[in-house]
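Per numbering that gives the first Met the number 0, the sequence shown runs over residues 0 to 348.
All C-beta atoms, glycine included, are put in the ideal place defined by N, C-alpha and C.
Because the structure is a prediction, the values reported are computed rather than measured.
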Amino acid sequence: MIPKEPFKGVLGRTYQESSPWWPEPKRTSENNPNVIIILFDDMGFSHLGCYGSTIETPNIDRLAAGGLRYNNFHTTDLCSPTRACLMTGRDHHTVGMRSISNINTGFPNTQGNITPHAATIAEMLREEGYATFCVGKWHLAQTQDTSTAGPFDQWPVQRGFDRYYGFLDGETDQFYPSLTYDNHPVDPPFGPEEGYHLTEDLVDHSMEFIRDLKSLRPDRPYFLYLAFGATHAPHQAPTEFINKYRGRFDAGWDVIREQWYKRQLDMGIIPEGTELAPRNPGVKPWSLTAISIPTIMWSDRDRKCRWAQARSGYVSPGWIKKGSSPSWLMEWNAGPWKCLPYCAVAAPA
0 MIPKEPFKGV LGRTYQESSP WWPEPKRTSE NNPNVIIILF DDMGFSHLGC
50 YGSTIETPNI DRLAAGGLRY NNFHTTDLCS PTRACLMTGR DHHTVGMRSI
100 SNINTGFPNT QGNITPHAAT IAEMLREEGY ATFCVGKWHL AQTQDTSTAG
150 PFDQWPVQRG FDRYYGFLDG ETDQFYPSLT YDNHPVDPPF GPEEGYHLTE
200 DLVDHSMEFI RDLKSLRPDR PYFLYLAFGA THAPHQAPTE FINKYRGRFD
250 AGWDVIREQW YKRQLDMGII PEGTELAPRN PGVKPWSLTA ISIPTIMWSD
300 RDRKCRWAQA RSGYVSPGWI KKGSSPSWLM EWNAGPWKCL PYCAVAAPA
């Protein structure tokens with residue numbers, strides 16, 4: 000509940016004896032930057048081209064070339080807790096999100112949602128006159144509270160965002176997603192037979208929200224939180240993006256890791272003298288990976304290479320098909336603006 004603001008005019012017995020008063024609206028100055036946070040899911044430190052990979056992310060690379068790249072980044076290793084930290088600027092245990100939002104243990108540190116006693120960045124910025132948009136994955140509300148029956152108090156629009164388009168749970172089909180628009184469910188605008196993929200749809204709606212604002216209020220700054228489903232399961236990418244990586248990973252993970260490690264050294268992402276981390280426990284050398292398995296059509300190597308192709312293709316669609324998006328954002332952002340590509344590793348990668 001918002002405290003009642005005291006009336007600073009004059010209330011007389013008649014209109015003639017009274018003086019009206021209007022609260023001063025929240026005004027932002029021309030120096031207030033627009034802020035964009037782009038959140039990727041389950042992505043490793045080197046998966047973007049600008050961080051050393053051979054995965055094609057040309058437009059993100061363009062953004063990075065015009066800004067700063069940070070190499071000391073930490074997550075909580077889980078979806079919801081990392082998002083809770085990002086949204087509140089506080090430790091995830093203190094805001095009720097020790098684990099994913101699907102879990103509520105009955106203790107204050109694991110409530111399945113962000114406590115109402117902790118403000119989100121969207122709530123704080125909206126109080127200062129910002130327009131606030133959330134697009135993509137939410138995963139900050141308990142599963143039983145994400146149906147059309149509500150309650151809606153932990154949905155994006157109730158946690159500080161003016162507009163929302165995306166999916167509320169931890170994952171969704173990338174070709175036939177379960178979508179929510181503000182506070183109601185909607186169907187995808189068209190199907191995969193006509194070229195639909197969720198990543199591109201999320202970029203489209205981000206542009207739409209910004210266009211709606213800037214066409215009428217070009218003076219008002221905005222905060223956009225764009226959280227892709229990529230690269231969380233299911234690893235579903237358009238066929239053309241999977242096929243373009245066919246054969247690129249056939250050398251195996253040991254060779255690819257060495258290549259990306261050397262690229263990071265050459266780019267200065269990691270300091271000289273940094274040693275390549277050992278393989279995770281239980282991961283075999285590629286040379287020991289089965290070349291053929293008699294009982295199945297694909298060999299173990301083929302299966303893992305196809306998985307790498309799908310995952311790589313999953314990173315790219317919205318940022319290659321919408322290749323003009325960085326230019327479009329700059330065009331609509333006359334004045335200062337900040338774009339913060341933010342990689343959330345929701346599982347060790």
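For residue i, write down the residues that DSSP places opposite it in a beta bridge.
{"i": "residue 163", "result": "133"}
{"i": "residue 18", "result": "9"}
{"i": "residue 109", "result": "96"}
Can you check whether the CB of residue j is closer than 8 Å to the CB of residue i?
{"i": "residue 56", "j": "residue 315", "result": "yes"}
{"i": "residue 131", "j": "residue 160", "result": "yes"}
{"i": "residue 275", "j": "residue 256", "result": "yes"}
{"i": "residue 111", "j": "residue 120", "result": "no"}
{"i": "residue 81", "j": "residue 87", "result": "no"}
{"i": "residue 163", "j": "residue 179", "result": "yes"}
{"i": "residue 184", "j": "residue 175", "result": "no"}
{"i": "residue 122", "j": "residue 158", "result": "yes"}
Hey, how far is the Cα of residue i from the Cα of residue j?
{"i": "residue 61", "j": "residue 171", "result": "29 Å"}
{"i": "residue 41", "j": "residue 230", "result": "5 Å"}
{"i": "residue 269", "j": "residue 70", "result": "7 Å"}
{"i": "residue 53", "j": "residue 46", "result": "8 Å"}
{"i": "residue 213", "j": "residue 150", "result": "32 Å"}
{"i": "residue 304", "j": "residue 246", "result": "8 Å"}
{"i": "residue 349", "j": "residue 140", "result": "Any question about residue 349 goes unanswered here, given that the chain covers just 0 to 348."}
{"i": "residue 165", "j": "residue 152", "result": "17 Å"}
{"i": "residue 309", "j": "residue 281", "result": "23 Å"}
{"i": "residue 301", "j": "residue 250", "result": "11 Å"}
{"i": "residue 298", "j": "residue 306", "result": "12 Å"}
{"i": "residue 78", "j": "residue 169", "result": "8 Å"}
{"i": "residue 97", "j": "residue 279", "result": "25 Å"}
{"i": "residue 1", "j": "residue 133", "result": "23 Å"}
{"i": "residue 85", "j": "residue 51", "result": "25 Å"}
{"i": "residue 89", "j": "residue 232", "result": "27 Å"}
{"i": "residue 199", "j": "residue 43", "result": "21 Å"}
{"i": "residue 147", "j": "residue 201", "result": "21 Å"}
{"i": "residue 192", "j": "residue 237", "result": "11 Å"}
{"i": "residue 32", "j": "residue 221", "result": "8 Å"}
{"i": "residue 218", "j": "residue 206", "result": "17 Å"}
{"i": "residue 216", "j": "residue 29", "result": "12 Å"}
{"i": "residue 273", "j": "residue 83", "result": "31 Å"}
{"i": "residue 211", "j": "residue 204", "result": "10 Å"}
{"i": "residue 107", "j": "residue 91", "result": "11 Å"}
{"i": "residue 67", "j": "residue 73", "result": "17 Å"}
{"i": "residue 235", "j": "residue 264", "result": "31 Å"}
{"i": "residue 288", "j": "residue 143", "result": "42 Å"}
Let me check you understand the geometry: is the CB of residue i closer than 7 Å to at least one non-hydrogen atom of the ligand FAD?
{"i": "residue 168", "result": "The ligand FAD is absent from the structure shown, which contains no ligand whatsoever."}
Hey, residue i and residue j are a contact pair by Cβ (cut 8 Å); roughly how many whole angstroms apart?
{"i": "residue 154", "j": "residue 182", "result": "6 Å"}
{"i": "residue 105", "j": "residue 173", "result": "Contact doesn't hold; Cβ gap of about 34 Å is too wide."}
{"i": "residue 26", "j": "residue 128", "result": "6 Å"}
{"i": "residue 225", "j": "residue 38", "result": "7 Å"}
{"i": "residue 49", "j": "residue 59", "result": "6 Å"}
{"i": "residue 312", "j": "residue 240", "result": "3 Å"}
{"i": "residue 6", "j": "residue 20", "result": "6 Å"}
{"i": "residue 209", "j": "residue 223", "result": "7 Å"}
{"i": "residue 117", "j": "residue 94", "result": "4 Å"}
Going residue by residue through the segment 170–234, where are the continuous beta strand (DSSP E) segments of at least 3 residues, counting only ones entirely within it? 178–180, 183–185, 221–226, all fully within the segment 170–234.
Any chance you could list the alpha helix (DSSP H) runs of at least 4 consecutive residues sitting entirely within the segment 234–307, in chain order? With a minimum length of 4 residues, the continuous alpha helix (DSSP H) runs that stay inside the segment 234–307 are 238–242, 252–266.
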